[in-house]
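In what follows, a structure is listed as structure tokens, so that the remarks can point back to it.
In the UniProt record's numbering, the protein residues as written are 1 to 182.
Spelled out as structure tokens, the structure:
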């Protein structure tokens, strides 16, 4: 009887401590293996959106800061083609910030040309088309987890058409996505 009790205690213990190491998003926290990243509280979660592209299926957690006119999209991607390797990226999951790219004066076409389904809607006025036909400054972070899975973080800041140089708040938005020190 005590063996069963110890075994049950072990399973509960593992479930509590191993769950924080899973890859994905919980509230304003992103877990990539044993590394934890935080999204600032001024970014409100808008929705969880599932997309189906030609080769990739993803679940995207969409956060928005109205004051910065910016979005953070965390996409957990899975290749829909067996054994299809991801292009680019690193196999070191802790290397998220070192595997980045940025674009200025670009369109964000993450939800276009894909089958889109809203799984959870946290704010009533969320609409995926809100991101279409706008000019953004963009920063991308990517971590390849294995042959079929990856995590992509997109930070998009809309350019202010009324500003003299069409400035965005991309630097401030980047500061709202941070790695938590161990």
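The beta carbon of each residue, even a glycine, is placed where N, CA and C say it ideally should be.
Buried or exposed by the 16-neighbour rule on C-beta atoms within 10 Å, applied to residue i
{"i": "residue 137", "result": "buried"}
{"i": "residue 102", "result": "exposed"}
{"i": "residue 132", "result": "exposed"}
{"i": "residue 43", "result": "buried"}
{"i": "residue 87", "result": "Low local confidence applies: a pLDDT of 46 at residue 87 is under 50, so the model's placement there is unreliable, and no value is given."}
{"i": "residue 12", "result": "Here residue 12 scores only 43 on pLDDT, less than 50, and its place in the model should not be relied on; the value that follows carries that caveat. Exposed, by the Cβ-count rule."}
{"i": "residue 19", "result": "Confidence in residue 19 is poor, its pLDDT being 43 and thus under 50, which makes the residue's placement unreliable; the coordinate value appears in the next sentence. So residue 19 ends up on the exposed side."}
{"i": "residue 128", "result": "buried"}
{"i": "residue 162", "result": "exposed"}
Proximity winner among the options, relative to residue i (alpha-carbon distances)
{"i": "residue 135", "options": "150, 24, 107 and 146", "result": "107"}
{"i": "residue 173", "options": "140, 56 and 162", "result": "140"}
{"i": "residue 31", "options": "150, 170 and 175", "result": "150"}
{"i": "residue 130", "options": "148, 109 and 145", "result": "109"}
{"i": "residue 114", "options": "165, 34 and 53", "result": "53"}
{"i": "residue 154", "options": "146, 96 and 162", "result": "96"}
{"i": "residue 170", "options": "117, 146 and 67", "result": "67"}
{"i": "residue 146", "options": "26, 27 and 33", "result": "33"}
{"i": "residue 105", "options": "165, 27 and 26", "result": "165"}
C-beta contact flag for residue i and residue j at 8 Å
{"i": "residue 152", "j": "residue 48", "result": "no"}
{"i": "residue 126", "j": "residue 39", "result": "no"}
{"i": "residue 45", "j": "residue 122", "result": "yes"}
{"i": "residue 99", "j": "residue 58", "result": "no"}
{"i": "residue 79", "j": "residue 157", "result": "no"}
{"i": "residue 111", "j": "residue 51", "result": "yes"}
{"i": "residue 175", "j": "residue 168", "result": "no"}
{"i": "residue 55", "j": "residue 81", "result": "yes"}
Nearest-angstrom Cβ-Cβ length linking residue i and residue j, presumed shorter than 8 Å
{"i": "residue 76", "j": "residue 24", "result": "6 Å"}
{"i": "residue 60", "j": "residue 73", "result": "5 Å"}
Residues that residue i bridges to, as DSSP identifies them
{"i": "residue 70", "result": "65 and 157"}
{"i": "residue 105", "result": "Residue 105 is not bridged to any residue."}
{"i": "residue 47", "result": "62 and 121"}
{"i": "residue 52", "result": "57 and 115"}
{"i": "residue 133", "result": "DSSP lists no partner for residue 133."}
{"i": "residue 38", "result": "29 and 178"}
{"i": "residue 150", "result": "77 and 144"}
{"i": "residue 96", "result": "According to DSSP, residue 96 bridges with nothing at all."}
{"i": "residue 139", "result": "102 and 155"}
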